[in-house]
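Right, one structure below, let's go through it.
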Amino acid sequence: MGSSIYFCAPVNALVEGIYRQKIPFTEIKKHGDFGLGTFDDLDGEMVMFDGKIYQITSDGVAAMVDDATLTPFSCVTFYSPVSHDRLDRRTPYPEFQAWLYSLLPSLNIFYAIRIEGTFSSMKVRSVPRQENYRPLAEVAKDQPIFEYQEIEGTLVGFYTPAFMGSVSVPGLHLHFLSRDRHHGGHLLECTPENINAGIQFITALYSGPRFLDSCLSW
556 MGSSIYFCAP VNALVEGIYR QKIPFTEIKK HGDFGLGTFD DLDGEMVMFD GKIYQITSDG
616 VAAMVDDATL TPFSCVTFYS PVSHDRLDRR TPYPEFQAWL YSLLPSLNIF YAIRIEGTFS
676 SMKVRSVPRQ ENYRPLAEVA KDQPIFEYQE IEGTLVGFYT PAFMGSVSVP GLHLHFLSRD
736 RHHGGHLLEC TPENINAGIQ FITALYSGPR FLDSCLSW
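Okay, structure coming up:
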């Protein structure tokens, strides 16, 4: 049976520099316990799993936040994987990506992906707080990058079909949180060593009332 994915706004709003929607996570949590996104003013990376929300700021440091925190873009689902797969050897990033894609029966639907385990290397970034309307392409030029070695943690995210690229980041979009919940960021590259991957098939998409408002403001 298929499940649903929820967006409070399209990712193209972020691309155009709309970083302030003031949607509280009390609303987001009505639609999922697992996902990713960012915070108002593009203040770092968001990771949600097991119903808990973490903010990873531009110094790469993670902390749990409360449900009153605001977001301009979040993508969530109620996580319920239908398949589990294991990779127990050190795998270069291109091979890891190919392995992940091999777990997806079709590239024309959404998937929620949770990967846990040990990584021999991890490269992530977290964007700094921004003024509204600065294009995301400009922000990306200044993004701090963090690299970790021999680290345990969780990758949380989604696969989005290419034809839905205006709604969400096309392809694989994953955020990392270390096992001790102290570090993380948006995944740039990694070398998994011993991991378990859970995949959830998603066949429906829905959004909140502010989704259309964001579309009309592009």
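Counting in the working numbering, the sequence shown runs from 556 upward without gaps. C-beta: ideal position from N, C-alpha, C; glycine also.
If I follow the unbroken beta strand (DSSP E) through residue i, where does it start and stop?
| i | result |
| --- | --- |
| Leu742 | Gly739 to Ser762 |
| Ala618 | Ala617 to Met619 |
| Val631 | Ser629 to Thr632 |
Out of curiosity, what's the CA-to-CA distance linking residue i and residue j?
| i | j | result |
| --- | --- | --- |
| Leu625 | Asp697 | 23 Å |
| Ile573 | Phe665 | 24 Å |
| Val679 | Leu727 | 14 Å |
| Tyr714 | Tyr561 | 14 Å |
| Asp598 | Tyr609 | 12 Å |
| Val722 | Asn567 | 6 Å |
| Arg628 | Thr646 | According to the sequence displayed, residue 628 carries Phe and not Arg. Cα to Cα, Phe628 sits roughly 32 Å from Thr646. |
| Arg734 | Gln755 | 22 Å |
| Leu662 | Tyr656 | 8 Å |
Just checking my contact of residue i with residue j at CB under 8 Å: how many whole Å lie between their CB atoms?
| i | j | result |
| --- | --- | --- |
| Ala617 | His737 | 6 Å |
| Thr673 | Glu650 | Not really, about 16 Å apart at Cβ, beyond 8 Å. |
| Pro699 | Ser681 | 6 Å |
Which partner residues does residue i have in the DSSP bridge list?
| i | result |
| --- | --- |
| Cys549 | No answer is possible for residue 549: the residues shown for the chain start at 556 and end at 773. |
| Phe731 | Leu710 and Gly740 |
| Gly726 | Thr715 |
| Tyr625 | It should be pointed out that residue 625 corresponds to Leu in this sequence rather than to Tyr. Answer by DSSP bridge pairing, in chain order: Pro579. |
Any heavy atom of the ligand PLP closer than 7 Å to the Cβ of residue i?
| i | result |
| --- | --- |
| Leu591 | With respect to the ligand PLP, the structure offers nothing, as it holds no ligand at all. |
Completely contained beta strand (DSSP E) runs for the stretch 634-717, where each covers 3 or more residues: 638-642, 665-680 and 700-715
Contained alpha helix (DSSP H) runs [length at least 4] in the stretch 572-614, N- to C-terminal order: 580-583
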